Amino acid sequence: MKIHASTYSGWLNEIKRSGIEGGGYMLAVKLREEIADAKSEAQLVRNINPVISWDDFKPPEGPDIPAQLGGLEGDPEWFFSHTYPTSVIKEVLEGIKEKIEGVGPGVFPLDGYLGSGKSHILLTLYHIFRHPEEALSWFKKWGIDFPEIEDTIVIPVPLQNVSYKDLWSPFFKALGKDIDVEEEDWPKPNQIKKAVGDKKVLMLIDEIDNWYDAKSSQEKARVRGFLQSLSETSEDPDYQLKLVTTFLGLSSDVKVLRDIVARPRGGSSIVMQRTEDIFDIVRFRLFEVTDDAEIEKIILEYLKKIGEKLRKKGLDENSHLRDELKRAYPFHPSFLRTLSSLKVRQMLVMLARVVMRKLDKVDLIIASDLDDDILRDYLHSANPKIVDAYFEDIRFVQNTREVKDGIISFDLARAILLTSMLNTTETKKGADIKDIIFGCSPKYKVQDIDDTISFLEKWTRLKKIEEDGIIRYVITTELPVAVKIERKAQLISADDALNRIKQLVEKTVSSEIRGYKLIYDPSEITNDKRLKILTLLEKPLDLSSVYPSDFTNKNTLYLLYPGYSLKSDETIKLAKRIIASSELAETEEQKEPFKDFHKEYMKHLKKQIDNAGWRGFRWFRKNLKDRPTPDERTITNLKDVDEVIKNYASKDLLKYFLNMVLEEQNEISLRDLKERFYRLEGAPILLKDEDLLSLLAEMEKNGEVAIKTKQGRTLYKESISPQIVGNEDVIEKPPETAVPPTTGDVATLVKDKKKLHYKEYASRYPFIEEGVLEKVYISSINPKDGIFAIEENKVVSRPTNTKLSALAVKEEAAKVLEPLVLKIVNEKIAIKLPELSEILKETYGNSGITDDLVLMASDNLEIGTQVHILRRKDAVVVQLPEERLIDEVKKKIFFEVKKEGEIDKEILIEELSKRIPTEKKTFDDAIAYLIDDGKLEFDKESDKLSLPRKKDKPVKPKKRIIIKEEGTTSEIINKIGEIVEETDIIEDVRIEIVKDLSAKELKELLERTGEMSIKLMARRKEI
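Using UniProt numbering, you'd call the opening residue of the sequence shown number 1 and step up by one each time.
Shown next, in the form of structure tokens:
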């Protein structure tokens, strides 16, 4: 039949489609949204039935400061919407109602195992009395008759969450009463009654077992005494004190305590485990909507088919079956009964998974709809032997000739074994024929069921037993065919069996996986950088426990483990049988049967290893900030491990990871990048350095990264050998858009740096094309703006080899000219500025100079007293300093006079002035010096100079002296007084003030000199 209903996405994507196409079966229910939307089993557990607890609990501080509860548990709307009023809850509420009405004892000891819902009941009572309005809505929804709730002091004492020294302290504190109790005593009923008075009080004591068992004998006696006092007070109708206490009741001491609390009830506690609640709880917690009309149609159709089978076996239909089917739908009631020993949470999660898988495949869920993986997850721990036996039988049946040939239906055989197994584990009595019919699909005929039962009795542990005329089928652990092997196997240690499994696993793995370091125990993990494959026999519960504490290269470990544990009881048993059959084949007379079993067992273990659902595991990260996520992959064939690992080490993944790093920090050294690959869990695997170096060279060439070498060079879009990339080199992220510099940018950079070599300039713009850079560089040469080009220590108008050139500001360019200017001036003695510039250009190749630049170079030399600049109206002359200038001019004059013998003074000065464009005064001084020194004679009448003709020496006049002194003003005045007389004429006076002066100070100084001809040379300081 086809049912029109919503479908849902769910856990592990088990339901992939949004509707049923073309007819078929479908359950007439709609899952709760939080269940249908669960993406993992952990979320499914939380959504279906979150562990109700007091984790976010604050105890009451007094009558007006009640207890506080946070989290989901603290939200009354959420809590009531997820709470079904079980028979236990109703019983407790009825008892509280009787207490309120004065006809009940008010004591409620709850007895149940972990997970049976004890804390849930206490929290329900907490919300009822703390949030009466929400409770009233809940009562109305479920038709619960309960009196109006008056103000009640609720005193929760969750002993698993809050550490209390005793039980009376929180009790009296909540009531706002102080009490002094002797060290070996406890509060008595009269003290409790006095504290309670006319108040309504509800005390909730949760999980008392562990707290009580940890007490000393003396402390236990005090606790017993206080609880007895509380019970007696609660029993008193004059006091509205209700006491609800939960017990596991595992220890004898706690059982005594429970009996004391239960005395007002006649010694009986309230038992939590009630099968009658299962149907209602399951339906309430799993389903949001049920299609009652469709359910009725499904049940009638089912009863019609199943009734025929029951009648053929001489069985009557259960008169209650129809009602039970309605109540338990979409589950068959006989299936639910077999699960009643499970904790409610386990059952709900298990059934939710079953529903999700069968939602669009069946219209009624029976025992055989329980898949083996779900069976293993939820029932194995409770009955490992029988469940393992079931699985072994299933595997055996699947490989029998009858099943392979189609004589026996494997699905029907499984249904019978599963139904018998479930009834064996639950009731210990097994399944009768009615249970088996209910557990099998209605499509199978009664004869098919009978034939399959006979087959299973012959080849499996299915055993028929008869008791009180009723035939039942149970699953035993006996294997008649291999009794001796099974008994011998029991004597084999689990360690020996595991060693045998490990040997075969190592042999299998090493034959399939080559080229890697294979290890088989965490103790073999070494902190080297080579990838290691650790093969385990089962998936670790805690993956982090595999890593040694000192293991830093965590990304160099790859885990390989089976999806189905090779340490399971089943596998260990198989290994034990292998050892047992091998030993028995040597000791028994009839060796061949044991050898045959040994061969089959080995084949079976090898197949189990091969088909263990191998998983490869490592961490994977999508980004660098979040924690890595587990990346478990199915390994269909162990040979595929090599391909899987190489996928993790692929060039694309390496590139993806590198780009993530550069997005985060823009640059990283190769050494640090490698360390990231080795250490950071979830990074791609770096199998060989060459893989990374080759990738970097390729990315650099493609312009995806830039590489800054140790020497400071930036490689970008160049063809490089991978081997040149060193550990200290830095990989950089190129800019998304590279904007070339403007001439203004270059000029600013030159002015900032003073002198900018082309290589340094280019290194600042590694992501700009060379031609563009060179064009901007050349365009930036602008002497008018003070930017000059220098090449081979020359100031050029345009460099011939740009890469060997530099740009410089005027001051730096002038420094380049200084040696040449000095050289030329030394040669020329004095030279006009334009002529000096021309020589620098033509003779020395300084094509990019200007007169202004040459003048600055000359200025610099003048400041250093290496030259003197003569600034005339008609020309600027660069000449030697005065003393050297006069010495050189003297030489020239003496040479000319000597050459000519006799020469007109003015004509001589005129001729020399053409070659040495200095002041006439300089020539006059030089001639005067020569005459004074007796090296020349001057005839005033003829105005001619000649060499001395007289042998008698003339009266020696006062010699001209140069006064050069440094010091304070007073010191220099004293020294001048020692050198000259006051009547001496001091000519060409120049005073250099070795101090920075403000413009105002300079003006004041000049004003003191009076009106006279002055040559001022100074420089404004750069600020």
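We put the CB at the ideal spot given by N, CA and C, even for glycine.
Only a predicted model underlies this, so the values are computations on that prediction, with no experimental measurement involved.
First through last residue of the beta strand (DSSP E) which encompasses Gly616: Trp614 to Phe620
So, is Ile1014 buried or exposed, given that buried needs 16 or more other C-beta atoms within 10 angstroms? exposed
Asp388 burial status per 10 Å Cβ neighbour count (16 or more: buried): buried
Along the chain, where does the alpha helix (DSSP H) containing His604 start, and where does it finish? Lys591 to Asp610
Backbone CA spacing between Ile903 and Glu911 [nearest angstrom]: 11 Å
Using the Cβ count rule (16 or more neighbours within 10 Å means buried), how would you classify Leu1005? exposed
Quick one: using the 10 Å Cβ neighbour count with 16 as the cut-off for buried, is Glu941 buried or exposed? exposed
Outcome for Arg1020 when other beta-carbon atoms lying within 10 angstroms are tallied against a minimum of 16: exposed
Straight-line gap, Lys655 to Leu695 (C-alpha atoms, nearest Å): 7 Å
For Pro917, count the other beta carbons within 10 Å of its own beta carbon; 16 or more makes it buried, fewer makes it exposed. Which is it? buried
Please state whether DSSP places Met1012 in a helix, a strand or coil. coil
CB-CB length for Leu257 against Leu122, believed under 8 Å: Not really, about 17 Å apart at Cβ, beyond 8 Å.
Quick check on Met347: buried or exposed, where buried means 16 or more other Cβ atoms within 10 Å of its Cβ? buried
Backbone secondary structure at Ile903 - three-state DSSP: strand
From the DSSP output, read off the bridge partner residues of Met203. Ile155 and Leu243
Check for me: the beta strand (DSSP E) holding Tyr473 runs from which residue to which? Ile470 to Ile475
Going along the chain, which residues of its own chain have a beta-carbon closer than 6 Å to the beta-carbon of Val730, five neighbours each way excluded? Glu667, Ser669 and Lys708
Please list the terminal residues of the continuous alpha helix (DSSP H) segment that includes Ser79. Residue identity check: residue 79 is Phe in the sequence provided, not Ser. Note, Phe79: alpha helix (DSSP H), Pro76 to Ser81.
Cβ-Cβ distance between Pro66 and Ile153 below 9 Å: yes
Nearest to Ile781 by alpha carbon, out of Leu749, Leu584, Leu686 and Thr634? Leu749
Range of the contiguous beta strand (DSSP E) that encloses Asp939: Glu937 to Asp939
Option in Ile492, Thr424, Asp435 and Ile470 with minimal Cα separation from Arg461: Thr424
For chain D, find out if any of its Cβ atoms is closer than 9 Å to the Cβ of Asp943; answer yes or no. The structure shown contains no chain D, having only a single protein chain.
Enumerated in chain order, which unbroken segments of the beta strand (DSSP E) with a length of 3 residues or greater are wholly contained in the segment 840-900? 868-871 and 876-879
Cβ atoms of Lys193 and Asp236: under 9 Å apart, would you say? yes
Here's the rule: buried if 16 or more other CB atoms are within 10 angstroms of the residue's CB, otherwise exposed. What is Val481? At Val481 the pLDDT is 48, less than 50, meaning the model places this residue with poor confidence; the figure from the coordinates comes in the next sentence. That one is exposed.
Return the residue from the list Pro783, Asp111 and Lys832 that minimises the CA-CA distance to Ala808. Pro783
Roughly how far, in whole angstroms, is the beta-carbon of Glu538 from the beta-carbon of Lys502, given that I think they are within contact range, below 8 Å? Not a contact, Cβ separation roughly 11 Å.
Assign Ala649 to one of three DSSP states: helix, strand, or coil. coil
So is Gly616 buried or exposed if we call it buried at 16+ other beta carbons inside 10 Å? buried
In the DSSP assignment, find the alpha helix (DSSP H) that holds Ala806 and state where it starts and stops. Careful: Ala806 lies outside any alpha helix (DSSP H), inside the beta strand (DSSP E) at Ser805 to Val809.
Is it buried or exposed, Gln490, if we count other Cβ atoms within 10 angstroms and call 16 or more buried? exposed
Between the CA atoms of Ser581 and Glu34 - distance to the nearest angstrom: 52 Å
In the DSSP assignment, find the unbroken beta strand (DSSP E) run with Leu773 in it and report its ends. Note, Leu773: premise wrong, no beta strand (DSSP E); alpha helix (DSSP H) at Glu770 to Ser779.
Considering only DSSP beta bridges, list what Ser946 is partnered with. Glu902 and Glu937
Say the cut is 8 Å; is the CB of Ser582 nearer than that to a heavy atom of the ligand PLP? Inclusion of the ligand PLP in the displayed structure is not the case, the ligand content being empty and no account of it being possible.
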